[in-house]
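J.: Sharing a structure with you now.
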Amino acid sequence: VASQVLSEVRRGSHRECRLLWLADCDARSTSTYFIFYGNPNAELPEYPSDLATTGEGFDLDISNAHFKAKLSRQTGQLERLTLRREHGLELFSGGEGHGEPPGIDWAHDYVDEGGFQKLRISLWESCPDYEVVRGPLCTVVRRWGFPVSPIHPVFSPARMHIDVEYRFYSGLPWFEKRSTMKAIQSFRAEALRDDEWVFSGQSFTDQLWIDRDGHAHTGNVSADQQEQLWGVGFFNRQSGDAIAALFLDHSADGLPELKHTGAPLLYYRWHGHVWSRYPLPVKDIPKNAVLRQKNAYAVIPFTESAGLVELERMRRRQLHPLVVQAGKLDTIVDTVVAETQSAARSASDVPASRLARSGELGDGPVPKTAIWQALRDCKDAQLYTADIDVVDLGLVYDVRVRGDVVTLVMAMPHRGRPRLGYFVDGSISVHPTKSVPIRARLMDIPGVRQVVFEQTWQPSWSSNLISDEGRRKLGLTERE
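Position in the sequence shown (from 1) plus 16 gives the number in this note's numbering.
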């Protein structure tokens, strides 16, 4: 089963992470999955996937079998979305925005007291802070900071902190947006938007929406549902193209019940198709108030009869995700073995298989243990007295052996120090203790004919990767 490790962090002597995999489990049923770890010869996984992510930092193009997403090179906002069906409809927002590059996702922003100005994250010169996770199953782009003024930095208020995250998945016709808007101080907002999407070009013919009971409809939103919307979107009766926002969480702390607005409009002034959600029930926002949301944006082939049912089903499934529980290993193994044996006509019908891939069995011509031990002689000479090697620093992400060729996947600590060649062939031998460039040291191992290096920035290096011994050498004490 394809899997991906997310959010690896260190807490004292413990390491924590999140594990993502594609579970195949029918409603009201149970499936068992085994998680294996601890193989010293394991390699980075290489799962086939339709999810492709290109670019650096937040300057990304992301695609799967259903759509292609283009993020703004300036802000990381979703700029364009191409539907991967038939003629490949491209959703975009035309014009010159408000002086910034336009995109289809315009949130988040607010108008300050007296209606003086609107502060927007779409006006960021660049992302103040961001985090990107890339893998075969999921690409995560998270950005956070304060929205800025049209004449920034003349006005630079630190009133409301905004955190926005996109999640794109392999094989799924939808992607997620999660966000929080937190008041750092009390202030008055004349208006605030947490979700607004604009599509130029008149690509759609009809509106769609989901009511408070989870039922999908077409046409104009009824008067009694204007502030109880849990999904909105558009579709085209002729082409079958559609996009729909499924609202999964829309809640707040420190505020009254939010307004769930955002009725879709087929034509609004110069914008074209738009939905815009203004959630505030009050204008005075107290310190520490938080607005949060989680939405899924679906692009599916749409007919009025089948499309509405599919959107209801899609939203219902995401509101009731699978429940994961750790089982007792002995009981699970006994059950699986019994089921396997009963399903087979005889022992010979059970196919022989192995979990380890080629290169992970420890039976290669060059032992990986010898490679890892040799890397201990490759130090970071810029840490003059620490006597710390690339292994304890966590700079070596992967070791692969294919015949007499050794391949290393390595990272550098940060982009201000981007040249991996420093460790590969550089002058690290100036270290006061024994220190040898990596290529020279590995070529001394019997059986090694060639050493190949791959440099990566994904995932970015962090202190979570430093070993216990490395932390001791660097003087990084743990908090009790």
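Built from N, CA and C at the ideal position, the CB exists for glycine as well.
#1: Note the first and the last residue of the continuous alpha helix (DSSP H) segment covering residue 438.
#2: Which residue from 404, 379, 174 and 36 puts its Cα closest to that of residue 451?
#3: Got a sec? Which residues, its chain only, sit under 6 Å from residue 139 by beta carbon, not counting five neighbours each side?
#4: In whole angstroms, give me the CA-to-CA distance for residue 400 and residue 435.
#5: Does the region 135 to 149 come close enough to the region 89 to 106 that 3 or more CB-CB pairs lie under 8 Å?
#6: Can you give the Cα-Cα distance for residue 176 and residue 130, rounded to whole angstroms?
#7: Smallest Cα separation from residue 187: which of 100, 329, 449 and 454?
#8: Report the three-state DSSP secondary structure of residue 398 (helix, strand or coil).
#9: DSSP beta-bridge partners for residue 196?
#10: Is the beta carbon of residue 78 closer than 7 Å to that of residue 498?
#11: Kindly indicate the opening and closing residues of the alpha helix (DSSP H) around residue 325.
#12: Please report how far the alpha carbon of residue 256 lies from the alpha carbon of residue 327, in whole angstroms.
#13: In the DSSP assignment, the alpha helix (DSSP H) including residue 389 goes from what residue to what residue?
#14: Rank 120, 243 and 172 by C-alpha distance to the C-alpha of residue 135 and give the top, closest one.
#15: State buried or exposed for residue 200, treating a residue as buried only when at least 16 other CB atoms are found within 10 Å of its CB.
#16: Between the beta-carbon of residue 211 and the beta-carbon of residue 293, is there less than 7 Å?
#17: Quick check: the region 20 to 32 against the region 149 to 168, are there 3 or more CB pairs under 8 Å?
#18: Where does residue 485 sit, in a helix, a strand or coil, going by DSSP?
#19: What residue does the alpha helix (DSSP H) around residue 407 start on, and which one ends it?
#20: Taking C-alpha atoms, which residue in 241, 50, 332 and 46 lies nearest to residue 345?
#21: Does the distance from the CB of residue 481 to the CB of residue 410 come in under 7 Å?
#22: Can you list, in chain order, the residues of its chain with a C-beta nearer than 6 Å to that of residue 381? Leave out the 5 residues immediately preceding and following it.
#23: Under 8 Å Cβ to Cβ from residue 35, same chain only, skipping five residues before and after it: list those, please.
#24: Taking 7 Å as the cut-off, decide whether the C-beta atoms of residue 219 and residue 309 are in contact.
#25: Going by DSSP in three states, residue 301 sits in which element: helix, strand or coil?
#26: Distance check for residue 87 and residue 146, CA to CA, integer angstroms please.
#27: With a Cβ-Cβ cutoff of 7 Å, do residue 288 and residue 203 count as a contact?
#28: Quick check on the burial criterion: 16 or more other C-beta atoms within 10 angstroms. Buried or exposed for residue 299?
#29: Measure the CB-CB distance between residue 291 and residue 263 and report whether it falls below 7 Å.
#30: Measure from the alpha carbon of residue 249 to the alpha carbon of each residue in 394, 454, 474 and 323, then state which is nearest.
#31: What is the DSSP secondary structure of residue 28, reduced to helix, strand or coil?
#32: Going by DSSP, what residues sit across from residue 259 in a beta bridge?
#33: Looking at the secondary structure, which residues open and close the alpha helix (DSSP H) in which residue 454 lies?
#34: Kindly indicate the opening and closing residues of the beta strand (DSSP E) around residue 233.
#35: Does residue 223 come out as helix, strand or coil in the three-state DSSP assignment?
T.: On the basis of the coordinates in this document:
#1: In the sequence shown, residue 438 corresponds to position 422, counting from 1. Per DSSP, residue 438 belongs to the alpha helix (DSSP H) from 437 to 440.
#2: In the sequence shown, counting from the first residue as 1, residue 451 sits at position 435. Checking every option, the nearest Cα to that of residue 451 belongs to 404.
#3: Here residue 139 refers to the residue found at position 123 when the sequence shown is read from its first residue. Result list for residue 139: 116 and 164, in chain order.
#4: Within the sequence shown, the letter at position 384 stands for residue 400. Within the sequence shown, the letter at position 419 stands for residue 435. Near 19 Å, if we compare the C-alpha coordinates of residue 435 and residue 400.
#5: yes
#6: Residue numbering aside, residue 176 sits at position 160 when the sequence shown is read from its first letter. Residue numbering aside, residue 130 sits at position 114 when the sequence shown is read from its first letter. So the alpha carbons of these two residues sit roughly 17 Å apart.
#7: Locating residue 187 in the sequence shown gives position 171, counting from the first residue. Closest by alpha carbon: 100.
#8: Counting from 1 along the sequence shown, the entry for residue 398 is found at position 382. Here residue 398 sits in coil by DSSP.
#9: Translated into the one-based positions of the sequence shown, residue 196 becomes position 180. The partner list for residue 196 (beta bridge, DSSP) reads 179 and 308.
#10: In the structure as shown, the chain starts at 17 and stops at 496, and residue 498 therefore has no counterpart that could be examined.
#11: For the purposes of this step, residue 325 is taken as the residue at position 309 of the sequence shown. Segment 320 to 335, the alpha helix (DSSP H) holding residue 325.
#12: Taking the first residue of the sequence shown as position 1, residue 256 is located at position 240. Taking the first residue of the sequence shown as position 1, residue 327 is located at position 311. If I take the Cα positions, the gap works out to 14 Å.
#13: Mapped onto the sequence shown, residue 389 falls at position 373. Segment 384 to 391, the alpha helix (DSSP H) holding residue 389.
#14: Against the sequence shown, residue 135 aligns to sequence position 119. Comparing Cα-Cα distances from residue 135 to each of 120, 243 and 172, the minimum goes to 172.
#15: In the sequence shown, counting from the first residue as 1, residue 200 sits at position 184. Answer is exposed; the Cβ neighbour count stays below 16.
#16: Mapped onto the sequence shown, residue 211 falls at position 195. Mapped onto the sequence shown, residue 293 falls at position 277. Yes, the Cβ-Cβ distance between residue 211 and residue 293 is below 7 Å.
#17: yes
#18: As a working note, residue 485 is residue 469 in the sequence shown. Helix.
#19: For the purposes of this step, residue 407 is taken as residue 391 along the sequence shown, with counting starting at 1. Looking at the DSSP string, the run of the alpha helix (DSSP H) that includes residue 407 is 406 to 409.
#20: Working through the sequence shown from its first residue, we reach residue 345 at position 329. When only C-alpha atoms are compared, the closest one is 50.
#21: Here residue 481 is taken as the residue at index 465 of the sequence shown, counted from 1. Here residue 410 is taken as the residue at index 394 of the sequence shown, counted from 1. Result yes, Cβ atoms of residue 481 and residue 410 sit closer than 7 Å.
#22: Numbered from its first residue, the sequence shown carries residue 381 at position 365. Result list for residue 381: 463, in chain order.
#23: Mapped onto the sequence shown, residue 35 falls at position 19. Excluding sequence neighbours, residue 35 sits near 19, 20, 21, 22 and 51.
#24: Along the sequence shown, read from residue 1 onward, the residue named residue 219 stands at position 203. Along the sequence shown, read from residue 1 onward, the residue named residue 309 stands at position 293. Cβ distance not < 7 Å, so residue 219 and residue 309 don't count as in contact.
#25: As a working note, residue 301 is residue 285 in the sequence shown. Of the three classes helix, strand and coil, the one that applies to residue 301 here is strand, per DSSP.
#26: On the sequence shown, position 130 is the one that residue 146 refers to. On the sequence shown, position 71 is the one that residue 87 refers to. Each residue's Cα considered, the two are about 13 Å apart.
#27: In the sequence shown, residue 288 corresponds to position 272, counting from 1. In the sequence shown, residue 203 corresponds to position 187, counting from 1. Taking 7 Å as the Cβ cut-off, residue 288 and residue 203 do not qualify as a contacting pair.
#28: Within the sequence shown, numbered from 1, the residue matching residue 299 stands at position 283. Exposed is the call here.
#29: The residue labelled residue 291 in the question sits at position 275 within the sequence shown. The residue labelled residue 263 in the question sits at position 247 within the sequence shown. Their beta carbons are not under 7 Å apart, which means residue 291 does not touch residue 263 by this criterion.
#30: Translated into the one-based positions of the sequence shown, residue 249 becomes position 233. Among 394, 454, 474 and 323, the Cα nearest to that of residue 249 is on 323.
#31: By 1-based counting over the sequence shown, the position of residue 28 is 12. Three-state result, residue 28: coil.
#32: Here residue 259 is taken as the residue at index 243 of the sequence shown, counted from 1. Answer is 250.
#33: Sequence index remark: in the sequence shown, residue 454 carries index 438 (1-based). Start and end: 454 to 459.
#34: Along the sequence shown, read from residue 1 onward, the residue named residue 233 stands at position 217. Residues 232 to 234.
#35: Within the sequence shown, the letter at position 207 stands for residue 223. Strand, per DSSP.
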